[in-house]
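S.K.: Dumping the structure here so I can ask a few things about it.
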Amino acid sequence: MNLDVRRNPALLKLDLYCKGMQIDDSCLVEEDGGRRILRTRAGLGSGLEVILPGELWTNVPVTERFAQASPYVLHRQNGGYVIRRDGETVTPVRLSPRPTWYDAKTSTGKPMTRIGTLQGTYLGVYPAKVCEYWTEKPQKVNCKFCSVGLNLGVDDADEKSVGEVLEVIKAARAESGITYVDFNTGHYYGETYLDILEPYILRIKREVGILVGVQTPPHSDLRRYDALRAMGVNRVSFCFEIFDPCLFKDVCPGKDREYGLDRYLEAVAYCAALGRQGPPHEPWVSNGEIIAGLEPPESSIKAIDWITSVGAIPTVCVFRPLAGTDYADVPPPQTEPLIPVFRRL
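Each residue of the sequence shown is one higher than the one before, starting from 1304 at the first, in the working numbering.
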């Protein structure tokens, strides 16, 4: 494996996740057609969207405290952009283009970016109210790394109608060429999250026909996923975050109390088996999602092995200490220990 970030853009991507990046005063991101930094959904897409060599679209931490000490600095040079480290150029990069619909409003008068935003090349939508772990009294039980309770109502609208979401999807389809929209929700008492999403799914499949993914807590009635498969949903993702049961309980107190790690794993395995059912023209994947850097690398590797053993696909994010969260002051992970985790993928 080439460990020179100048010649290995995938390693550079991981290193940027772990170290962040400073933005030099020479940069004119929005003036040059780049995307404004927005805090939406759970917050891992709250950085600067850039395209690394090899067409690696990525979101680089730039606003968090740890990024202010990063050795990586983005510079504007001859009308383009380069990343430098210790004064030497590492690589040229491109700003992820900001589409014109980012500056448009829905027919109801809402900025379209408050309904959905591009995460690289797909559209991400958080269609309902804030996760109820954030509103619990007398004490919140939200996941300690999450910022969704800080974002909804700021850059992200807290209520989005089916019509508004369809408008944004059609605009993003026409201009940005999206082929996939990803919905996620938080925890709601009464397990209403799939009830909330189904009207969006049905309209999208009927009127647009693009790929649709959903990311919610695991429903107690697993037959609901058979119904999603029949509707044409293409991806279900379960964010259990941490494979170590003790750490899961500490980092995700609400998830531990309401569902428990085993229920997440049961849903991942059940949905993986649904690939042989449903509309043959609609692809289907089941994802188990973890966050590297919140548990020992060996535990993350065990999670990857378990996910693949049941026929599901692992998604591995990198812990980002987001401003305002319970873990805002927790150091980001170091790059080197995470390399074996991503090698395992």
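We put the beta carbon where it would ideally sit given N, CA and C, even for glycine.
Just so it is clear, the structure is predicted and the values come from calculations on it, not from any experiment.
State the DSSP-derived secondary structure class of Val1457, mapped to helix, strand or coil.
M.R.: Model confidence at Val1457 stands at a pLDDT of 44, short of 50, so the residue's coordinates are unreliable and nothing is read from them.
S.K.: Quick check: what's the CA-CA separation for Leu1319 versus Asp1608?
M.R.: Approximately 26 Å between the Cα atoms of the pair.
S.K.: Does the Cβ of Tyr1492 have 16 or more other Cβ atoms within 10 Å, making it buried, or fewer, making it exposed?
M.R.: Exposed, by the Cβ-count rule.
S.K.: In the DSSP output, what is Ser1589 paired with across the bridge?
M.R.: DSSP lists Val1539 as partners of Ser1589.
S.K.: Which of the three DSSP states, helix, strand or coil, is assigned to Val1396?
M.R.: Looking at Val1396 - three-state DSSP - the assignment turns out to be strand.
S.K.: If you follow the alpha helix (DSSP H) that Pro1600 is part of, which residue opens it and which one closes it?
M.R.: First-last of the alpha helix (DSSP H) with Pro1600: Pro1600 to Ser1612.
S.K.: Return the residue from the list Phe1486, Asp1565 and Ile1594 that minimises the CA-CA distance to Val1621.
M.R.: The residue with the shortest Cα to Cα distance from Val1621 is Ile1594.
S.K.: Could you check whether Gly1489 and Val1451 sit closer than 8 Å to each other, using their CB atoms as the reference points?
M.R.: Cβ distance < 8 Å, so Val1451 and Gly1489 count as in contact.
S.K.: Please say whether Ile1610 and Gly1591 have beta carbons closer to each other than 8 Å?
M.R.: Result yes, Cβ atoms of Gly1591 and Ile1610 sit closer than 8 Å.
S.K.: Bridge partners for Ala1530 per DSSP, in chain order?
M.R.: In DSSP, Ala1530 forms no bridge with anything.
S.K.: May I have the straight-line CA-CA distance separating Ile1412 from Ala1475, to the nearest angstrom?
M.R.: The sequence shown places Gly at residue 1412, rather than the Ile named in the question. Approximately 17 Å, taken between the alpha carbons.
S.K.: Could you name the residues of the same chain whose beta carbon sits closer than 6 Å to that of Lys1294, not counting the 5 residues immediately before and after it, in chain order?
M.R.: This structure does not reach residue 1294, given that the chain is present from 1304 up to 1648, and the question cannot be answered.
S.K.: Can you check whether the C-beta of Pro1556 is within less than 8 Å of a C-beta belonging to chain D?
M.R.: Structure shown: chain D not included; a single protein chain is present.
S.K.: As a quick exercise: from Glu1334, Arg1339, Leu1625 and Thr1420, pick the residue whose alpha carbon is nearest that of Pro1635.
M.R.: That would be Leu1625, whose Cα lies nearest to the Cα of Pro1635.
S.K.: Using a 10 Å radius around the Cβ and a threshold of 16 neighbouring Cβ atoms, would you call Arg1338 buried or exposed?
M.R.: Looking at its Cβ environment, which holds 16 or more other Cβ atoms inside 10 Å, Arg1338 is buried.
S.K.: So, helix, strand or coil for Ala1595, using DSSP?
M.R.: Correct three-state label for Ala1595: strand.
S.K.: The alpha helix (DSSP H) with Thr1638 in it runs from where to where?
M.R.: Run containing Thr1638: Thr1638 to Arg1647, per the alpha helix (DSSP H) assignment.
S.K.: Out of Asn1537, Glu1561, Tyr1405 and Thr1482, which has the shortest C-alpha to C-alpha gap to Ala1575?
M.R.: It is Asn1537 whose Cα lies nearest to the Cα of Ala1575.
S.K.: So, at 8 Å on beta carbons, what are the nonlocal neighbours of Asp1328 in its own chain, with the 5 sequence-adjacent residues on each side left out?
M.R.: The answer is none, since no qualifying residue turns up.
S.K.: Is it buried or exposed, Ala1572, if we count other Cβ atoms within 10 angstroms and call 16 or more buried?
M.R.: Label assigned to Ala1572: buried.
S.K.: Helix or strand or just coil, what does DSSP make of Arg1338?
M.R.: Of the three classes helix, strand and coil, the one that applies to Arg1338 here is coil, per DSSP.
S.K.: In or out: Ala1477 buried (at least 16 other Cβ within 10 Å) or exposed?
M.R.: Ala1477 should be labelled exposed.
S.K.: For Pro1583, does the count of other Cβ atoms within 10 angstroms reach 16, so buried, or fall short, so exposed?
M.R.: Pro1583 should be labelled exposed.
S.K.: Whole angstroms are fine: how far does the CA of Ser1589 sit from the CA of Arg1303?
M.R.: Since the first and last residues shown for the chain are 1304 and 1648, residue 1303 lies out of range.
S.K.: Which value, in whole angstroms, describes the spacing of the CA atoms of Asp1553 and Pro1521?
M.R.: Approximately 19 Å between the Cα atoms of the pair.
S.K.: To the nearest angstrom, how far is the alpha carbon of Cys1542 from that of Thr1519?
M.R.: If I take the Cα positions, the gap works out to 8 Å.
S.K.: Classify Gly1535: buried if its beta carbon has 16 or more other beta carbons within 10 angstroms, exposed otherwise.
M.R.: Gly1535 should be labelled buried.
S.K.: Report the residue from Val1515, Arg1387 and Lys1508 whose alpha carbon sits nearest the alpha carbon of Val1396.
M.R.: Of the candidates Val1515, Arg1387 and Lys1508, the one whose C-alpha sits nearest the C-alpha of Val1396 is Arg1387.
S.K.: Enumerate in chain order the residues of its own chain whose CB-to-CB distance from Arg1647 is below 7 Å, with the five nearest sequence positions on each side excluded.
M.R.: So the qualifying residues of the chain are Ile1604 and Ile1607.
S.K.: Can you tell me which of Ser1612, Glu1544 and Gly1614 puts its alpha carbon nearest to the alpha carbon of Pro1600?
M.R.: Checked all of Ser1612, Glu1544 and Gly1614; the closest Cα to Pro1600 is Glu1544.
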